[in-house]
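In the working numbering, the protein residues as written are 10 to 248.
Even for Gly, the Cβ is constructed at its ideal location relative to N, Cα and C.
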Amino acid sequence: YPQEARCFDALAELYRLLGEQDALVGLWRQRCNSDVTRAGLALAQHGHWQEANDVFFRGMQRASAGQVSGVTKTELCLWETNWLNSAKQLNQWELVADFSRSVEHTEMQLHSLWRQNDWAGLKDLLPQSPATSEVEETPEVYIIRVYSALNSGRVTEAEQYWKQAVKLLLDRWWKLPETGAAAHIPVLHSFHVMVELQESTRILVELSNAQRPQHQNPGHCRTLIQDVMETWRLRTPNR
């Protein structure tokens with residue numbers, strides 16, 4: 010029973026959701042049939058992203074040419090997933106964008122366009138209303154909506170998307186186990202992004218207020234903006 014593929018798949022998905030990357034790699038070491046998987050996972054585990062990317066890409070090329078035998082479909086999917094992950098780690102967003110278009114993965118396209126600052130392409134791809142969207146409105150998608158709205162100067166709309174993103178992130182946080190830390194790290198990173206987006210909104214509001222002729226105290230706006238900028242400077246990691 011423990012050797013059944015469905016048991017391995019369920020356990021692998023559980024490790025992935027919990028962010029237990031080392032346990033996931035150990036599980037695949039027991040299960041994999043190809044040296045590509047062993048080598049690629051070991052390289053990725055130690056942060057050698059370019060080498061891991063090359064190993065998985067060559068494996069995918071051989072599989073497409075029919076030169077690979079004895080490898081399950083799940084293992085082939087693992088190659089593709091890790092190739093994409095290593096490409097993201099290397100900031101190869103144009104490559105990710107091309108791949109997402111070829112497989113018609115809209116959410117991945119949104120992420121890659123945002124990373125490339127392609128606001129025009131993002132606006133064309135992103136549905137105007139979440140209610141009519143065919144893309145699952147995850148916290149990450151709402152964060153992209155906030156960025157897009159702020160880039161267009163739609164501050165009120167950005168604030169609404171910001172509130173929805175916070176709500177979804179809190180829901181995700183409460184679903185996590187109380188023990189362990191790996192699964193909590195991505196959510197904490199997202200909360201950090203939300204803080205800086207809120208501060209960005211504040212800067213845009215203060216700049217708009219300062220430009221009004223009837224504004225009585227433009228110096229106060231300048232002080233508030235300087236305070237936010239100083240906060241950002243202090244957040245920069247020290248060498």
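Taking C-beta atoms as the reference points, G79 and N42 count as a pair closer than 8 Å. Note that the segment 29 to 38 does not touch the segment 56 to 70; fewer than 3 beta-carbon pairs, one per stretch, sit closer than 8 Å. Looking from the CA of T115, the closest CA among D133, A74, L197, T81 belongs to D133. Only exposed fits E103, as fewer than 16 other CB atoms lie within 10 angstroms of its CB. Per DSSP, the unbroken alpha helix (DSSP H) holding H198 starts and ends at 193 to 219. Within the same chain, and ignoring the five residues on either side of P246 in sequence, no residue has its Cβ closer than 8 Å to its Cβ. When DSSP states are grouped into helix, strand and coil, V80 belongs to the coil group.
Counting only residues of its own chain and dropping the five nearest sequence neighbours on each side, R110 has a CB closer than 7 Å to the CB of Q118.
A48 and Q220 have their C-alpha atoms roughly 58 Å apart. Proximity of the segment 158 to 168 to the segment 176 to 195 falls short of the contact definition, fewer than three beta-carbon pairs being nearer than 8 Å.
For E208, the closest alpha carbon among the candidates V155, N91, W182 is that of V155. When the five nearest sequence neighbours on each side are left out, the beta carbons in the same chain lying within less than 8 Å of the beta carbon of L131 are those of L119, L122, W123, I153, S157, in order along the chain. Every alpha helix (DSSP H) of 4 residues or more that sits fully in the segment 83 to 157 is shown, in chain order, as 102 to 111, 115 to 124, 128 to 134. The DSSP-derived three-state label of A14 is helix.
For A72, the enclosing alpha helix (DSSP H) stretches over residues 58 to 73. Per DSSP, A190 lies in no alpha helix (DSSP H) and is assigned neither H nor E. Assignment of E29 by DSSP, reduced to helix, strand and coil, places it in the coil class. Contact between N91 and A53 holds: their C-beta atoms lie close to 6 Å from each other, under 8 Å. Assignment of H229 by DSSP, reduced to helix, strand and coil, places it in the helix class. In the assembly as shown, M203 is a buried residue. Its beta-carbon has 16 or more other beta-carbons within 10 Å.
Contact annotation, P148 with A129: C-beta distance approximately 24 Å; criterion of less than 8 Å not satisfied. Collapsing the DSSP output to three states places T245 in coil. In the assembly as shown, T46 is a buried residue. Its beta-carbon has 16 or more other beta-carbons within 10 Å. For R163, there is no enclosing alpha helix (DSSP H), as DSSP gives it neither H nor E.
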